[in-house]
Structures are given as C-alpha cells and as structure tokens.
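Residue numbers (our numbering): 809 to 1392.
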C-alpha cells in the first residue's frame, strides 16, 4: 500500500488502537494534519502544547492506555517537555509526536528547529528520529510497546517534514526486535518464598503501596493479600484508590502531609512490604531515620529502584500483580503447613495500637479563621469545601488536582474507594496540571463525573484549556480553592522563613474568575460562605453541556497538617495545633 509518511503515521496510530489525540498544528507537523481529516481518530485542538501533554496524561491515568499528543517543531516541541518530564516521574504511558524540520536542514538552525531528541533524552524512556518513511510502522509499534511495557512511561517520535511528505509502502510491522530492552514480568520463586517467610514472622507489618500497583492493575490482588494476612495498608500520593479507603485495614496516605497513623505506622513497623513504591523523599523524610527497625521487602518492575534509596532484605523484580498473586500462593501454602500462621488475629496488638493513633490523631482543622487572619479573610475552610464536594458527588467520581496545598487537602479529605479515580502530578509537582488533565480524564472516561480541585495560582497557568473543553463540549468541573496566595510556598515561608512572605501574594479578585470562566464559555460561580458551598456544587453537578468553574474564597491563613519538614525525621511529624499536647 503506497502512502505518504504522514498517512503512514496516522494509519499506524489507528493500528495501535488510538481513538483520540491531543494536539496543535504548526508548520513542520502540517503534513500530518491533512490525513487526520479522513481518520477515525478524534483530534482535540488544545490552546497550548503543554495542555496537549497534560491532557494525554489525564487520559492515560484514568484509562491505563497510552495518551497521545501531536505538536509541531521548535517551541511546540519544547512546550511539551514539561508533560514528558511529569509523565516520566509518574510512570505514565505517553506517546508524543513532534514535527521536525526537513532532514537536510537539521543542524542548520533552521526556522523552528530544536534538537528535541537531545532535549528529551533524560525525560523519556526512549525517543526516535524518523529519517526514512519506510520505518514509520516499525517505529510507531516500538514506541507504543516501550511506553506500555515494563515500567510505563513517555516516549517521543520526532518526525521531519520531508519524511512526512515522502511516499513509502506501508505494511504491518514485523516481530519486535529491541536489543537491550527486556521488561521483566514473573517474580523469582525463591524471592517470593523469602518474602512470605518475613511476612509470616512480622509482628508490626505494613503494606507500603505505591503507584506501581495501579499501573499493574493489581488492586484486586492487593485487596486479597490484605484480607488474607490482615496487614494494614498505606497508599502513597500516587496510589490513592489502589486500596479502598473504606476498608478497615486502610491507614490512608503516608508522607510529608500524610496522616499521623500512616506515617507513624511505617516508623514503628518491623516489616515494610513495598509494592510498586520507590521510597520517595516525600515519604521517607530523613532517610537514615526512616522505619529504623523495619526489614524491607521491595517489589518493583524496575530493577533500578531496588536498593536505590533503601537496601531491601528481599528484592523482587516483577510486575506487581504477578508478584502479589505469587505472594498469596506462597502464603497459602505455608499456612497449610503451619496452622494459624495466617490468622489475622495474631496482629491484634499492632492493630489495636494503630486504632488508638487513629482515634487520637485524626485529620483536623479549625472551623473558623484563626486570630490575626487578614482583614476580610472569609470563614470558608478549604477542607470543608472538599468534604462537602466529596459527599455531594458519586463515589466513583474522578478527582483531578493541581499542585500545592489544595492537592494535599484533596488527597487527605477525599475518600478513594476505586482505582484510577485520582489524577495528579506527583514526582514533578507540576503547577497547572489540573485543568488539561481533567479534560483528558473526561475524554477517557466520559461516563464518569470529573472534578478538578485547583489553586488560584495553578489555575492561572493553564486555564486556557477551558476554551478547549468548552468548544469540544467536555463538561469538566473546576473547584478553585482561592486563597489569594501561592499557598504551599506561603506555608513554608510562615514556618521556616519567619513569616517573611516574599512574592507569594496573588489577589482574590484579580483576575475575576467568574468573568474569566464565562469568557471561556463556562458557567462561572462564586462562593464566599459555608452555607453557599453545597448549593453551588449541586448546581455544578446539574450542568452537563459545558464546563463549570466555582471560585471558592477560602481562608488565606490555613495550613496543611500534619507536616514533616523537609529533611526531618518522620518521628518529628507536626500535627494540628489542637493535637500537639496529646501523648504519642
């Protein structure tokens, strides 16, 4: 079949089962946009290339399928570097196609030329520069294979304009041949047996669950493991929803802003079973002081993660679902040999201590502004907004967040009982993530209600993608927790810089978020008092033909608690002031 390179690219995407791409045309990628007109693939025209990348991430996080973005060369390509880095940190499968100047112009500083394969070498699993149109089917097949196998992640295909215009014979790609790329799957049997032995011997074990459990679709297996053993579970920021919060063995989120019980359980554990988690610094705090008495079983599909931060007693390089299933089998066999060894009642003293901590140190906030709040500071607490929003939406609602205080409150106060219902930027901490990611999430799961919780600082970075949502009739809903500050930076300045608030004040009124939302084709609402919260949310939930933006005027003085200061031991966790005198 004779096709142009551009036609070959689109046909290859169709062959991979791509249903939607997010993109923005420009000169170098222009030939590719012509065959899109005749394709079954839906193209969503974003207003900025960063929006294309984040929308593709949102799509990928809720569906488990790779998100696809198409942008042009030069600034189009550099604008998508942040989403690539974000996806790389969070192991999100992404395929980004960038236009490039003609091959004979590469290296001449041609108009809108950048070395995007060089720029993105450190933030992609792999990238390709296509120089022959005959290679297109093979390269596309390899790109999707690399993005979705092993530890998922982003890849990039750089596509010169002359290759797009060239004619070549299209044929399905042959067998995959990628020397050096050999993703693992099945766990080592001896390692599984050693891990099972440690689990049966532990008196204070914790299942430390990371985002790898979601990537491996291992939530059902994790639930079976937890119920079989009775071991309590903590779910990191990237793993919220991997284990249901409603389950009695769920301790919630650990980390810098995790709850007291989850953080302290890890500190006091005698065994951590790390499943698809990477001992991130936001979880460990001071590494030398982290879980000092715990033995460690570390399961991860990426061999490089084993021993990178904490040397495990047992390392298992494997897909999380396969490893968990193997652990269940090994534990059942051993239970048959040793009666009572799997009885969850043996952990009763440990569970009792955890329950005491949960009762003594729940998440807490003051119902009114503290003394000394800024003049005109509203009585509306961000935590109350989230609790009301949580209770007024379906239990399978997809929640998307930006980065900052609102992200932490969302992770703390929402109840996540279903996998792939929490979409956020974890490792890179990208402000501006929420709006485009919510758009992509709604495209991926149009049957679900999608709410984004954003800060006023984050919202101003990528709000233009609400124009995309309006024009495409993608009815996402945005809750802006508008405290008129770059809130997390302000909190650090409050705690560690003697309240010297340098360049963090924004404004509650500039811009006018209601007018801005309406100008972008959305419904705009404003809430200034607690009694207005529920009616506004209910009104937003009824709108199904356009986006909705609610400007919640929240308390500018509110801090996120608990908190472990950067570089400190988790033993030094700072709880809410109302709890600071309680015995630990």
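Note that the Cβ used here is the ideal one computed from N, Cα and C, for glycine as well.
Check                                                                                                     : Outcome
Unbroken stretches of the beta strand (DSSP E), 3 residues or longer, contained in the segment 1268-1353  : 1285-1290, 1331-1335
Neighbourhood of residue 952 by C-beta, 7 Å cutoff - its chain only, sequence neighbours within 5 removed : 824, 874, 903
Collapsed DSSP secondary structure at residue 1360 in the structure displayed                             : strand
Contact between the segment 836-848 and the segment 1267-1276 (3+ Cβ pairs under 8 Å)                     : no
Residues bridged to residue 908 [DSSP beta-bridge criterion]                                              : 968
Contact belief for residue 1053 with residue 1063 at Cβ below 8 Å, rounded distance in angstroms          : In fact, because the Cβ distance is near 16 Å, the residues do not count as touching under 8 Å.
Selection from 1327, 924, 1360 that minimises the alpha carbon distance to residue 1341                   : 1360
Cβ distance (whole Å) where residue 1256 is taken to contact residue 871 below 8 Å                        : The Cβ separation is near 11 Å, so there is no contact.
Beta-carbon spacing of residue 938, residue 836 below 8 Å                                                 : no
Any 3 or more C-beta pairs closer than 8 Å across the segment 909-927 and the segment 853-870             : no
Close beta carbons around residue 810, own chain, < 8 Å, minus the five adjacent residues each side       : 975, 976, 977, 978
Whole-angstrom distance between residue 963 and residue 955, CA atom to CA atom                           : 6 Å
Segment limits, beta strand (DSSP E) that includes residue 952                                            : From DSSP, residue 952 is part of no beta strand (DSSP E) but of the alpha helix (DSSP H) over 944-956.
CA-to-CA distance, residue 994 to residue 1144, given in whole angstroms                                  : 24 Å
Length of the line joining the Cα atoms of residue 813 and residue 972                                    : 4 Å
C-alpha distance - residue 1376 paired with residue 1384, whole-angstrom precision                        : 17 Å
Cα-Cα separation, residue 1012 to residue 1095                                                            : 20 Å
Inter-residue spacing [alpha-carbon to alpha-carbon] between residue 999 and residue 1112                 : 17 Å
When 1137, 1018, 1288 are compared against residue 1036, the one with the closest alpha-carbon            : 1137
Below-8 Å beta-carbon distance, residue 1151 vs any chain B residue                                       : Within the model displayed, chain B is absent; a lone protein chain is all it includes.
Whether residue 753 touches residue 981 by CB criterion (8 Å)                                             : Limits of the chain in this structure are 809 at one end and 1392 at the other, which puts residue 753 out of reach.
Endpoints, the beta strand (DSSP E) within which residue 894 is located                                   : Taken as a continuous stretch (DSSP letters only), residue 894 belongs to no beta strand (DSSP E), being part of the alpha helix (DSSP H) at 889-898.
Those residues which DSSP pairs with residue 1063 across a bridge                                         : DSSP, once it has assigned bridges, lists no residue as partnering residue 1063.
Same chain only: Cβ atoms within 8 Å of residue 1323, ignoring 5 sequence neighbours per side             : 1332
Among 1192, 1030, 1216, 1232, the one whose alpha carbon lies nearest that of residue 869                 : 1232
Three-state class that DSSP yields for residue 1392 in the structure shown                                : coil
First through last residue of the alpha helix (DSSP H) which encompasses residue 1217                     : 1213-1221
Spatial distance of residue 1090 from residue 1354 (CA atoms)                                             : 37 Å
Close beta carbons around residue 1205, own chain, < 8 Å, minus the five adjacent residues each side      : 1229, 1256, 1257, 1258, 1259
Residue of 923, 920, 1212, 893 minimising C-alpha distance to residue 1368                                : 1212
Exposure of residue 1293, with buried meaning 16 or more beta-carbon neighbours within 10 Å               : buried
Nearest to residue 1121 (by Cα), restricted to the options 1159, 1104, 1131                               : 1104
Per-residue burial, residue 1183 [other beta carbons within 10 Å of its own, 16 or more giving buried]    : Any reading at residue 1183 needs caution, since the residue's pLDDT is 48, under 50, leaving its predicted position unreliable; the model's value is listed next. Result: exposed.
Any 3 or more C-beta pairs closer than 8 Å across the segment 1185-1194 and the segment 1001-1020         : no
Extent of the continuous alpha helix (DSSP H) run through residue 819                                     : 813-823
Option in 1080, 927, 1300, 1109 with minimal Cα separation from residue 1102                              : 1080
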